[in-house]
Amino acid sequence: MSLAVRSAFRQRLAASGPGWALASPAVVWLIVFSVLPIGLMVAMSFWKSTIYGTRPDFIFDNYRRIFANSLYVNQLLSTLRIAVSATIISLLVSYPIALMLSRLKGAFRPGFLLLLFIPFWSSYVVRTFVWLPILGRNGAINQFLLWLGVVDQPLDFLLYNEGAVLLGLVYVFTLFMTLPIYVTLDKLDPALLEAANDLGARPLQAFARVIVPLSLPGVMSGSIMVFLLAVGVYVTPQLLGGPSGLMFGNIIAAQFLSDNNWAFGSALAVVMMVVVLSVILSAGRLVGLQQAFSGGHG
Amino acid sequence: MANPPTKEMPAAIQLDTATPISVSVRNVYKTFDTTPALKDIALDIRRGEFFSLLGPSGCGKTTLLRSIGGFETPTSGTILIDGKDVGGIPPYGRPTNMIFQQLALFPHLDVYENVAFGLRVQKKPKEQIDGRVKGALALVRLEGYERRMPSQLSGGQRQRVAMARALVNEPSVLLLDEPLGSLDLQLRLQMHEELRRLQRTLGNTFVFVTHDQGEAMSMSDRIAVMNGGVIVQLGTPEDIYERPQSRFVAQFVGHTNLFDGKVIRIEGSRVTVESDGISLAATTPTPVELGQAVTVVVRYERLGLGAGDTTLRGNVAERMFLGGTVRVVMALSGGRLVTADIASTAATGLPAIGEPVALTFNASDSRVLVA
Numbered sequence: 001m002s003l004a005v006r007s008a009f010r011q012r013l014a015a016s017g018p019g020w021a022l023a024s025p026a027v028v029w030l031i032v033f034s035v036l037p038i039g040l041m042v043a044m045s046f047w048k049s050t051i052y053g054t055r056p057d058f059i060f061d062n063y064r065r066i067f068a069n070s071l072y073v074n075q076l077l078s079t080l081r082i083a084v085s086a087t088i089i090s091l092l093v094s095y096p097i098a099l100m101l102s103r104l105k106g107a108f109r110p111g112f113l114l115l116l117f118i119p120f121w122s123s124y125v126v127r128t129f130v131w132l133p134i135l136g137r138n139g140a141i142n143q144f145l146l147w148l149g150v151v152d153q154p155l156d157f158l159l160y161n162e163g164a165v166l167l168g169l170v171y172v173f174t175l176f177m178t179l180p181i182y183v184t185l186d187k188l189d190p191a192l193l194e195a196a197n198d199l200g201a202r203p204l205q206a207f208a209r210v211i212v213p214l215s216l217p218g219v220m221s222g223s224i225m226v227f228l229l230a231v232g233v234y235v236t237p238q239l240l241g242g243p244s245g246l247m248f249g250n251i252i253a254a255q256f257l258s259d260n261n262w263a264f265g266s267a268l269a270v271v272m273m274v275v276v277l278s279v280i281l282s283a284g285r286l287v288g289l290q291q292a293f294s295g296g297h298g
Numbered sequence: 299m300a301n302p303p304t305k306e307m308p309a310a311i312q313l314d315t316a317t318p319i320s321v322s323v324r325n326v327y328k329t330f331d332t333t334p335a336l337k338d339i340a341l342d343i344r345r346g347e348f349f350s351l352l353g354p355s356g357c358g359k360t361t362l363l364r365s366i367g368g369f370e371t372p373t374s375g376t377i378l379i380d381g382k383d384v385g386g387i388p389p390y391g392r393p394t395n396m397i398f399q400q401l402a403l404f405p406h407l408d409v410y411e412n413v414a415f416g417l418r419v420q421k422k423p424k425e426q427i428d429g430r431v432k433g434a435l436a437l438v439r440l441e442g443y444e445r446r447m448p449s450q451l452s453g454g455q456r457q458r459v460a461m462a463r464a465l466v467n468e469p470s471v472l473l474l475d476e477p478l479g480s481l482d483l484q485l486r487l488q489m490h491e492e493l494r495r496l497q498r499t500l501g502n503t504f505v506f507v508t509h510d511q512g513e514a515m516s517m518s519d520r521i522a523v524m525n526g527g528v529i530v531q532l533g534t535p536e537d538i539y540e541r542p543q544s545r546f547v548a549q550f551v552g553h554t555n556l557f558d559g560k561v562i563r564i565e566g567s568r569v570t571v572e573s574d575g576i577s578l579a580a581t582t583p584t585p586v587e588l589g590q591a592v593t594v595v596v597r598y599e600r601l602g603l604g605a606g607d608t609t610l611r612g613n614v615a616e617r618m619f620l621g622g623t624v625r626v627v628m629a630l631s632g633g634r635l636v637t638a639d640i641a642s643t644a645a646t647g648l649p650a651i652g653e654p655v656a657l658t659f660n661a662s663d664s665r666v667l668v669a
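In order, the protein sequence lines correspond to chains H and S.
Taking our numbering, the leading residue of the first sequence gets 1, the next gets one more, and so forth.
Taking our numbering, the leading residue of the second sequence gets 299, the next gets one more, and so forth.
Set out below in structure tokens:
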């Protein structure tokens, strides 16, 4: 009886306004900043581009063009590879930092956090640009090597390739990995580690069996963040990549900025969005399955 | 020290000097920064003993327990477990397992994997793990809960998982850090029985930390009462309750009336003490001198309405029905309060609040503490 009463109450609550009223700012925000732009982009991907500009239409020419040429697909694949590599490297760099940070005591912790944040007070473009005077032909590293006498010609392979792009991406996005991992590690109850220790786990075993699994949510959100940021960049490859280090973002940007083919640009963007979404969903699925399996035995 | 079974709580096994020592704490000091937490702790806990460390918060009982488990390093002194000095040995190298105050179950592992954790890290063979985990779960009556996550369990069930997780490793010494604090009273009483049953079945040494004197008394073979980083009294529950050696123990364990006064008459172990113009008959465990300042201890339940060696007269200030007993607070003419717990069956003729009343006790039920 009380159950029926309760569910009736819940129904009335759902039917009445307050819930919607409270949610409305979020809904408006979602429509203005997410649904509308994406809808417009999807619509435009079916439009027709002429020398007189982009005209509303419903044609599949733009998509046909993407898949007719292996260049675009290959570029998309290499972009995914670069973004995944940047994510993995960021994870490897960030995890020890986050772990150390979560173990720091007293005034060291805010101090260290501040050090991590300071570079982020300057713009992303500037932080990318600084690699030019470091890695360039007349850059700091080459000057140093020449001065040491290790080389007698400046090294050219430091810049304008995929490696330089990866370095730039990891440098600018690593904080987005470090912070969520740090937050999950910081929330970790120290008694759990003591319990693991007490039950016979050596520090490495406790790390593998307790710390790592419990920090997975942070690793997951950090990875998604870095992957998303890295997969869509075009400034980093433009500045550091050279011809071989181009990414999909550069091709899309070119449609809007120089080729003036917004319809094709939209189609490219839609393809990338779909691919990125499916990558993230399947990655999430994989981790979800793993967590389900970790409880299994026998 | 001999440890005879008491009326209230028969001991599981006879513990005497022939029983090997399980945990030996020798002159242990622990200082945090500059605050001393343990001062010259020395005690021997015998194998198979249910030993409680009892005291108010901040008395050092948890620090002592954590030192035995290897989570704190004593500033000086030695701890031996099964005759072996465990100084410098980390928790994972000690034959101890701990049940933590907040239980610290692994939230990402189900009941089975929580219990199996210790065996897995020791890389025991699979069949052995399965057998022992099932055995441990049966021991705490949690069969069928293997696949539940800790978040899907009730407080009492989580408690049992924590016990199974520790006991499955067959520790020589089980350390319990106030694990029952978060449970409601009924469940706590149930867990007391459960713990006692487990301890008798398994015969491990249990070291139990608590601030609840009732809990310590009902379960322990022996109790060390701690205060301010030192052991103030060590003995059986009966010893501690009947023969408190200090004002602190008298007040901390059980409910007690204390009368400060001077010895005015001595007849062997029986003395008369004068306190604020009242003469009190009491028994003294140690020789006293005439005129010596002492404290007379009378437990609430040792005061009655019938005849006795000492009669105190006053007015009823408060009465509370506690179920089996009625608590009477009597105000003496000088204003000081005396409390008695009278069996409900004997309390029928009890005067109402404000009415005069006489409370009595015998010399054998009151005890002299040398201040």
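In this text, a Cβ means the ideal position worked out from N, Cα and C, and glycines have one as well.
Every value quoted in this text rests on a predicted model; they were computed, and no experiment measured them.
Put simply, the stretch 567-576 of chain S touches the stretch 551-559 of chain S. At least three CB pairs are less than 8 Å apart. Not a single C-beta of chain H is nearer than 8 Å to the C-beta of Tyr-539/S.
Chain S has no Cβ within less than 8 Å of the Cβ of Arg-103/H. Using a Cβ-Cβ distance cut-off of 8 Å, the stretch 324-332 of chain S and the stretch 472-491 of chain S are not in contact, since fewer than three pairs of beta carbons, one from each stretch, lie closer than that value.
Contact fails between the stretch 579-592 of chain S and the stretch 618-638 of chain S, because fewer than three Cβ pairs, one in each stretch, are under 8 Å apart. By the criterion of a C-beta distance shorter than 7 Å, Gly-353/S is surrounded in its chain by Lys-359, His-509, Val-523, Met-524, Asn-525, once the five residues flanking it on both sides are discounted.
Interface residue (Cβ-Cβ distance to chain S less than 8 Å): Val-233/H is not classified as such. Contact of Val-210/H with chain S is assigned, a C-beta pair being separated by under 8 Å.
Of the other Cβ atoms in all chains shown, fewer than 16 fall within 10 Å of the Cβ of Asn-74/H; this residue is therefore exposed. The beta-carbon of Arg-202/H is placed less than 8 Å from the nearest beta-carbon of chain S. Using beta-carbon distances, Tyr-598/S does not count as an interface residue toward chain H, since no partner is under 8 Å.
For Asn-69/H, no alpha helix (DSSP H) encloses it, and the DSSP letter there is neither H nor E. When secondary structure is reduced to three states using DSSP, Val-271/H falls in the helix class. Scanning chain S for C-beta atoms nearer than 7 Å to the C-beta of Ala-195/H yields Phe-398, Ala-402, reported in chain order. Its chain contains Val-431, Ala-434, Leu-435, Val-459, Ala-462, Arg-463, Val-466 as the residues whose beta carbon lies nearer than 8 Å to that of Val-413/S, once the 5 sequence neighbours on both sides are disregarded; these appear in chain order. By the Cβ test, the stretch 367-383 of chain S is not in contact with the stretch 156-165 of chain H, since fewer than three Cβ pairs between them sit closer than 8 Å.
Boundaries of the alpha helix (DSSP H) around Tyr-182/H: 162-187. Leu-378/S has Ser-322/S, Asp-383/S as its beta-bridge partners, per DSSP.
Selection Arg-202/H, Asp-186/H, Phe-256/H, Gly-249/H evaluated against Leu-104/H yields Asp-186/H as nearest (Cα-Cα). A direct Cα-to-Cα measurement between Phe-157/H and Gly-136/H gives close to 9 Å. If you check each beta-carbon in the stretch 159-191 of chain H against every beta-carbon of chain S, the ones closer than 7 Å belong to Asp-189, Ala-191.
Under the DSSP definition of a beta bridge, Leu-610/S partners with Leu-657/S.
Taken atom to atom, the span from the alpha-carbon of Gln-511/S to that of Ser-320/S is near 24 Å.
Under the three-state reduction of DSSP, Ile-397/S is assigned to strand. Residue burial annotation: Pro-389/S is buried, with at least 16 other C-beta atoms found within 10 angstroms of its C-beta. Taking C-alpha positions only, Ser-94/H is separated from Phe-108/H by approximately 18 Å. Taking C-alpha positions only, Thr-608/S is separated from Arg-498/S by approximately 43 Å. When 8 Å is used as the limit between beta carbons, Gln-205/H is near these residues of chain S: Val-419, in chain order.
Ser-350/S is bridged by DSSP to Phe-506/S, Ile-521/S.
CA-to-CA, the gap between Ala-267/H and Ser-45/H works out to about 4 Å. Using a 10 angstroms sphere on the CB of Gly-385/S, the tally of other CB atoms stays under 16, which defines it as exposed.
Contacts with chain H (Cβ-Cβ distance below 9 Å) from the stretch 366-377 of chain S involve Gly-367, Gly-368, Phe-369, listed in chain order. Chain-order list of chain S residues neighbouring Pro-213/H: Phe-404, His-406, Leu-407, by C-beta distance under 9 Å. When Cβ-Cβ separations below 8 Å define contact, Asp-61/H makes no contact with chain S.
Contact annotation for Leu-99/H against chain S: no contact, minimum CB-CB distance about 17 Å [criterion: below 9 Å]. Under the 10 Å beta carbon count, Glu-616/S is surrounded by fewer than 16 other beta carbons and is classified as exposed.
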